[in-house]
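Numbering (mature numbering (1 follows the signal peptide of the UniProt record, and there is no 0)), first residue to last: -35 to -1, 1 to 153.
Glycine is no exception: its CB is placed at the ideal position from the N, C-alpha and C atoms.
All of these numbers come straight from a predicted model, not from anything done at the bench.
To start, the structure itself, in structure tokens.
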């Protein structure tokens, strides 16, 4: 029986890689040739303009206004010696700005966002919404919400445009007072 020479792992990799390159080039060439010969190509669709009656308009806080509200809420808490986080969400519940005060607990960041989301979703202070849980306990199961005092809605022309949430003070009443201070700053 003739002797076989052992091939190194490196040589096997190089030979295998070369074989894959040849096969890959053949596949790419075939696909490219078929694409070039295709006569039933679909032209790109032109943009379609929606009619005026199919559109709605909504009002949102600017980033500057959201920052002003968050800063006012944080300042009110700091004046009382409280370490809190403040979140401002837009009409759609998307976070616009979040400020975490020095020393605020790690849980306060997410809690503030959820309180703000809850306030704008129902256009009501979260302290009022927390009272509704007695009649509708399943409300607390809605994703992203938190039915604890500390969230305040912001409205324009009677419609919600933002929510401000504060978390981290020793009580929800304080959290909500600071959220209201943030909302009040927008009226000045």
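Close Cβ partners of residue i (< 6 angstroms) along its chain, the five nearest in sequence each way excluded
{"i": "residue 64", "result": "35, 39, 51"}
{"i": "residue 66", "result": "39, 48, 49"}
{"i": "residue 62", "result": "31, 32, 35, 53"}
Cα-Cα separation between residue i and residue j, rounded to whole angstroms
{"i": "residue 103", "j": "residue 109", "result": "13 angstroms"}
{"i": "residue 74", "j": "residue 9", "result": "45 angstroms"}
{"i": "residue 72", "j": "residue 82", "result": "16 angstroms"}
{"i": "residue 30", "j": "residue 85", "result": "16 angstroms"}
{"i": "residue 140", "j": "residue 133", "result": "7 angstroms"}
{"i": "residue 128", "j": "residue 22", "result": "18 angstroms"}
{"i": "residue 137", "j": "residue 70", "result": "15 angstroms"}
Local conformation of residue i per DSSP, three classes
{"i": "residue 49", "result": "coil"}
{"i": "residue 132", "result": "strand"}
{"i": "residue 63", "result": "strand"}
{"i": "residue 103", "result": "helix"}
{"i": "residue 22", "result": "coil"}
{"i": "residue 13", "result": "coil"}
{"i": "residue 148", "result": "helix"}
{"i": "residue 8", "result": "coil"}
{"i": "residue 27", "result": "coil"}
Counterpart residues of residue i in DSSP-defined beta bridges
{"i": "residue 120", "result": "125"}
{"i": "residue 55", "result": "127"}
Cβ pair residue i, residue j closer than 9 angstroms
{"i": "residue 89", "j": "residue 118", "result": "yes"}
{"i": "residue 131", "j": "residue 149", "result": "no"}
{"i": "residue 32", "j": "residue 56", "result": "no"}
{"i": "residue 91", "j": "residue 58", "result": "no"}
Cut-off 7 angstroms between Cβ atoms - residues of its own chain near residue i, not counting five sequence neighbours on either side
{"i": "residue 95", "result": "112, 113, 114"}
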